[in-house]
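Trainee:
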Amino acid sequence: MTEWFTYFGIANPAEALILTKTLLRIALIIAIAYFLNRVSKRALDALRENLSNKAVNHVEEVKRINTVTMVLRYIITTVIIAITIVEVLHELGISIAPVLAAAGVVGLAIGFGAQSLVKDYFTGFFLLLENQIRKDDVIEVAGKSGQVEAITLRYIKMRDDDGNVHYVPNGQILTVTNRSRDFSYAVVEVILDYDANIPEAFQIMQEVADNLYKDPVFKNKIIAPAEITDLDKLTDSAVVIRCRFEVLPQEKVAVKREYFKRIRLAFNQQQIELKPNS
Numbered sequence: 075m076t077e078w079f080t081y082f083g084i085a086n087p088a089e090a091l092i093l094t095k096t097l098l099r100i101a102l103i104i105a106i107a108y109f110l111n112r113v114s115k116r117a118l119d120a121l122r123e124n125l126s127n128k129a130v131n132h133v134e135e136v137k138r139i140n141t142v143t144m145v146l147r148y149i150i151t152t153v154i155i156a157i158t159i160v161e162v163l164h165e166l167g168i169s170i171a172p173v174l175a176a177a178g179v180v181g182l183a184i185g186f187g188a189q190s191l192v193k194d195y196f197t198g199f200f201l202l203l204e205n206q207i208r209k210d211d212v213i214e215v216a217g218k219s220g221q222v223e224a225i226t227l228r229y230i231k232m233r234d235d236d237g238n239v240h241y242v243p244n245g246q247i248l249t250v251t252n253r254s255r256d257f258s259y260a261v262v263e264v265i266l267d268y269d270a271n272i273p274e275a276f277q278i279m280q281e282v283a284d285n286l287y288k289d290p291v292f293k294n295k296i297i298a299p300a301e302i303t304d305l306d307k308l309t310d311s312a313v314v315i316r317c318r319f320e321v322l323p324q325e326k327v328a329v330k331r332e333y334f335k336r337i338r339l340a341f342n343q344q345q346i347e348l349k350p351n352s
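Per our numbering, the sequence shown starts with residue 75, numbered consecutively.
(1) Which value, in whole angstroms, describes the spacing of the CA atoms of I103 and R255?
(2) If you draw a straight line from the alpha carbon of V212 to that of N140, how long is it in whole angstroms?
(3) Roughly how many whole angstroms lie between the Cα atoms of D210 and D234?
(4) So if DSSP puts H164 in a beta bridge, which residue, or which two residues, is it bridged to?
(5) Using the Cα positions of D194 and I247, report the straight-line distance between them to the nearest angstrom.
(6) Quick one: complete beta strand (DSSP E) runs, 3+ long, within the stretch 262 to 338?
(7) How many whole angstroms separate the CB atoms of R338 and V261, which I take to be in contact at a CB cut-off of 8 Å?
(8) Please state whether the Cβ-Cβ distance between E325 and Y259 is less than 8 Å.
(9) Buried or exposed: L98, going by 16 or more other Cβ atoms within 10 Å of its Cβ?
(10) Give me the Cα-Cα distance between R336 and L118, rounded to the nearest whole angstrom.
(11) Looking at A312: is its Cβ nearer than 8 Å to the Cβ of I265?
(12) If you reduce the DSSP assignment to three classes, tell me which class R138 lands in.
(13) By Cβ distance, which residues of its chain are closer than 6 Å to T226, with the 5 residues on each side in sequence left out?
(14) Going straight from the alpha carbon of N111 to that of V153, what length do you get?
(15) Give the straight-line distance between the Cα atoms of V239 and I272, rounded to the nearest whole angstrom.
(16) State yes or no: is the C-beta of I157 within less than 8 Å of the C-beta of H164?
(17) Given a cut-off of 8 Å on the beta-carbon distance, is the pair I207 and A270 in contact?
(18) Assuming S114 and I150 form a contact by the criterion Cβ under 8 Å, report the distance between their Cβ atoms to the nearest whole angstrom.
(19) Beta carbon of L202, beta carbon of V282: below 8 Å?
(20) Measuring straight from C-alpha to C-alpha, what distance separates K218 and P243?
(21) Between which two residues does the alpha helix (DSSP H) carrying G198 extend?
(22) Taking A224 as part of the beta strand (DSSP E), name the residues at either end of that continuous run.
(23) Since R253 sits in a beta bridge, which residues does DSSP pair it with?
(24) In terms of DSSP beta bridges, what is L348 paired with?
(25) What does the alpha-carbon distance come out to for the pair L91 and I100?
(26) In angstroms with no decimal places, state the Cα-to-Cα distance between I106 and K231.
(27) With 16 as the cutoff for other CB atoms within 10 Å, does F200 come out buried or exposed?
(28) So the candidates are Y229, I278 and R331; which of them puts its Cα closest to the Cα of Q344?
(29) Less than 8 Å separating the beta-carbons of E332 and L286?
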């Protein structure tokens, strides 16, 4: 042991003892920080699971619980790391006051350049406070759209339909389009020739919509019966009939695809031809 301290230029046993105690205290501080971090994670996981079980039938509330616990986890981890760094510096004999003073000067010097970062945090705080965006929501912000995978005070992480991941700083968010709040509309437009049997087509669309609404697989996905417009719009060469379902946000694509698949099959059986853009 003496040779080890001598290798680092510490020949005085008293100095070696002080160094040993310092290293042990630092190790203890890091161990406590790690322990607190693990305990806080398990506590938040247990809290999230408990609250989610109580709100199991309320999808929106479960999403909000997941979002809030995720942000709390981020804040607690940041606080623990900051306190750990301060305590380690104290054990190393580095005065915190000069460090904080220097940090203040540096912070003032770069403050103007970091305005966007401060804006990110403030915007993120209010986004969470006002419950505008939650984990798993499908949103459009800053020209990007996708499903929210993570929300922090600084940025939003979301994945688009092609699998691309976008990180959008909160400060760049001016308008939020949330496609997952309460309900969504699954809209299908059927385009027919002018010489098609429009009344028959309308009747078929209504029957298919009613059957889909009553289908055991889809009845929990569709909130209300479909609304079908007799003639939604006319073009130079076609008639457009529009069908709209009020559905759960996460089921929009599934309902739309299933309805269109059934419409094509029903029209083929009655020899009603769909225009290519349907």
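Here a beta-carbon is modelled for each residue, glycine too, at the ideal position from N, C-alpha and C.
These numbers come from a predicted model, not from an experiment.
Mentor: Looking at the coordinates:
(1) Within the sequence shown, the letter at position 29 stands for residue 103. Within the sequence shown, the letter at position 181 stands for residue 255. In this structure, the CA atom of I103 is about 44 Å from the CA atom of R255.
(2) Numbered from its first residue, the sequence shown carries residue 212 at position 138. Numbered from its first residue, the sequence shown carries residue 140 at position 66. Spanning the two alpha carbons is a distance of roughly 15 Å.
(3) Position 136 of the sequence shown, counting from 1, holds the residue named residue 210. Position 160 of the sequence shown, counting from 1, holds the residue named residue 234. So the alpha carbons of these two residues sit roughly 12 Å apart.
(4) Residue 164 sits at position 90 when you count from the first residue of the sequence shown. Looking at the DSSP assignment, H164 forms no beta bridge with any residue, so it has no partner.
(5) As a working note, residue 194 is residue 120 in the sequence shown. As a working note, residue 247 is residue 173 in the sequence shown. For D194 and I247, the distance between alpha carbons rounds to 9 Å.
(6) Taking only runs of at least 3 residues, the beta strand (DSSP E) segments lying wholly in the stretch 262 to 338 are 296 to 308 and 313 to 321.
(7) For this step, residue 338 is matched to residue 264 along the sequence shown. For this step, residue 261 is matched to residue 187 along the sequence shown. The Cβ separation is near 16 Å, so there is no contact.
(8) As a first step, residue 325 is located in the sequence shown; it is residue number 251 there, counting from the start. As a first step, residue 259 is located in the sequence shown; it is residue number 185 there, counting from the start. In this structure, Y259 does not lie closer than 8 Å to E325 by Cβ.
(9) Here residue 98 refers to the residue found at position 24 of the sequence shown. Residue environment for L98: exposed (fewer than 16 other C-beta atoms within 10 angstroms of its C-beta).
(10) What you label residue 336 is simply residue 262 of the sequence shown in a count that begins at 1. What you label residue 118 is simply residue 44 of the sequence shown in a count that begins at 1. Their backbone Cα atoms lie some 45 Å apart in a straight line.
(11) The residue labelled residue 312 in the question sits at position 238 within the sequence shown. The residue labelled residue 265 in the question sits at position 191 within the sequence shown. When the beta-carbon positions are compared, A312 and I265 come within less than 8 Å of each other.
(12) The count along the sequence shown starts at 1 and reaches residue 138 at position 64. DSSP places R138 in helix when its eight states are reduced to three.
(13) Taking the sequence shown and counting its residues from 1, one reaches residue 226 at position 152. These residues qualify, in order along the chain: Y148.
(14) In the sequence shown, the residue the question calls residue 111 occupies position 37. In the sequence shown, the residue the question calls residue 153 occupies position 79. Approximately 10 Å, taken between the alpha carbons.
(15) By 1-based counting over the sequence shown, the position of residue 239 is 165. By 1-based counting over the sequence shown, the position of residue 272 is 198. In this structure, the straight-line span from the alpha carbon of V239 to that of I272 is close to 44 Å.
(16) To locate residue 157, count along the sequence shown from 1; it is residue 83. To locate residue 164, count along the sequence shown from 1; it is residue 90. No, the pair does not count as a contact, with Cβ atoms beyond the cut-off.
(17) Translated into the one-based positions of the sequence shown, residue 207 becomes position 133. Translated into the one-based positions of the sequence shown, residue 270 becomes position 196. Contact annotation: I207 and A270 have beta-carbon atoms that are not nearer than 8 Å.
(18) On the sequence shown, position 40 is the one that residue 114 refers to. On the sequence shown, position 76 is the one that residue 150 refers to. Yes, S114 and I150 are in contact; Cβ-Cβ is about 5 Å, under 8 Å.
(19) For this step, residue 202 is matched to residue 128 along the sequence shown. For this step, residue 282 is matched to residue 208 along the sequence shown. In this structure, L202 sits away from V282, with a CB-CB distance that is not shorter than 8 Å.
(20) Residue 218 sits at position 144 when you count from the first residue of the sequence shown. Residue 243 sits at position 169 when you count from the first residue of the sequence shown. If I take the Cα positions, the gap works out to 12 Å.
(21) Taking the sequence shown and counting its residues from 1, the one referred to as residue 198 is at position 124. Per DSSP, G198 belongs to the alpha helix (DSSP H) from Q189 to L203.
(22) By 1-based counting over the sequence shown, the position of residue 224 is 150. In the DSSP assignment, A224 falls within the unbroken beta strand (DSSP E) covering K218 to I225.
(23) What you label residue 253 is simply residue 179 of the sequence shown in a count that begins at 1. DSSP output for R253 lists no bridge partner at all.
(24) Numbered from 1 along the sequence shown, position 274 holds the residue referred to as residue 348. DSSP, once it has assigned bridges, lists L266 as partnering L348.
(25) Locating residue 91 in the sequence shown gives position 17, counting from the first residue. Locating residue 100 in the sequence shown gives position 26, counting from the first residue. The straight-line gap from Cα to Cα measures roughly 14 Å.
(26) Translated into positions along the sequence shown, residue 106 becomes position 32. Translated into positions along the sequence shown, residue 231 becomes position 157. Their Cα atoms are separated by approximately 31 Å.
(27) Translated into positions along the sequence shown, residue 200 becomes position 126. With fewer than 16 neighbouring CB atoms inside 10 Å of its own CB, F200 falls in the exposed class.
(28) One-based indexing of the sequence shown puts residue 344 at position 270. Comparing Cα-Cα distances from Q344 to each of Y229, I278 and R331, the minimum goes to I278.
(29) Reading the sequence shown from its first residue, position 258 is the one you call residue 332. Reading the sequence shown from its first residue, position 212 is the one you call residue 286. Yes, they are a contact pair.
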